[in-house]
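Some notes on the structure that comes next.
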Amino acid sequence: MTAYAATVEQLTSGSAEDFLSSLGGGHGTAGAALVHGAVVPRAVTRLPAQRLPFLPDEVTGIPFLSHDAAVTGRRLGIGELRCYQLFDDNSPVLAALNSRLPHDAGAGGPAGADQLRSVADAVVAGRSAYQIFMVESVDGDRAEIALARVPSTYALTAAVLAATVRALDDLPPGGHRAADVLAPQLVVDCVRAAGGQVWTLDGTLSAYADVEAGVI
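In structure tokens form, the structure reads like this:
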């Protein structure tokens, strides 16, 4: 299974600081894959700049296995899971990844976050915001794609948070992961509540190589 996430949207100071802090490894492992339940470091290399179906621009893929993705992959019994964050060449987030900005003195914290936010806002000005998730699953001769697109990451976060709060009454005390307690259909409803759409398609991404952004 291969998962892709692409985002074009203005950053808040909080989201910029959260991104910078994530580069230190607290949220997952760069370049890792999940193979039969084990996190394998340095198993995945970056995707060179290329056009992918359903996206408006050429993108570079940065492999990053989050802790949540690894936990979910184990729970679902996925044999191999690779995850990519996709960025176009003008992305200041990609520039930060390339330069390892937060490892430079003074680059992290509120000052670094404000600097990243300012650059990001200038780059995305005038562009339509979006977040796209693509998951390609291949099992023998069977291949499927799950595709979701939302116009705002913040609206999606708010919709999932609201659904999670409503689910609290049915949960025992303690910590719970949203992926473990929210039914798949409820998550689909959250995407639609955020103004998004969800599709399932037969075949691999390569079969849709000529499909333009916004066309299914």
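In this text, residue positions in the sequence shown follow my numbering: the first is 31, and each later residue adds one. Yeah, the Cβ is synthetic: ideal placement off N, Cα and C, and Gly gets one too.
Query, Result
"Helix, strand or coil for T87? Go by DSSP, reduced to three states.", "Before going further, note that residue 87 is Asp rather than Thr in the sequence given. Three-state DSSP puts D87 in coil, outside helix and strand."
"Would you decide whether V16 is buried or exposed? Buried here means 16 or more other CB atoms lie within 10 Å of its CB.", "A question about residue 16 goes unanswered here, because the residues of the chain that appear run from 31 up to 246."
"For L146, which residues in the same chain have their Cβ closer than 8 Å to its Cβ, ignoring the five residues on either side in sequence?", "L41, A46, F49, L50, P122, V123, A126, L131"
"Of the residues D144, D151, S96, A197, which one's Cα is nearest the Cα of N120?", "D151"
"Express the C-alpha separation of D199 and A237 in angstroms, rounding to a whole number.", "44 Å"
"Between A173 and G107, which are expected to be in contact by the criterion C-beta below 8 Å, what is the C-beta distance as a whole number of angstroms?", "Rounded, the Cβ-Cβ distance is 18 Å, inconsistent with contact."
"What do you reckon, are the CB atoms on H66 and S96 nearer than 8 Å?", "no"
"In whole angstroms, what is the alpha-carbon distance linking T75 and P93?", "7 Å"
"To the nearest angstrom, how far is it from the Cα of E166 to the Cα of G225?", "23 Å"
"Relative to the C-alpha of T32, which candidate in L212, R112, V38 has its C-alpha closest?", "R112"
"Between the C-alpha atoms of F117 and S148, what's the straight-line distance to the nearest angstrom?", "17 Å"
"Please report how far the alpha carbon of E110 lies from the alpha carbon of G61, in whole angstroms.", "14 Å"
"Pick out whichever of A176, G44, E39 has its Cα sitting closest to the Cα of A141.", "G44"
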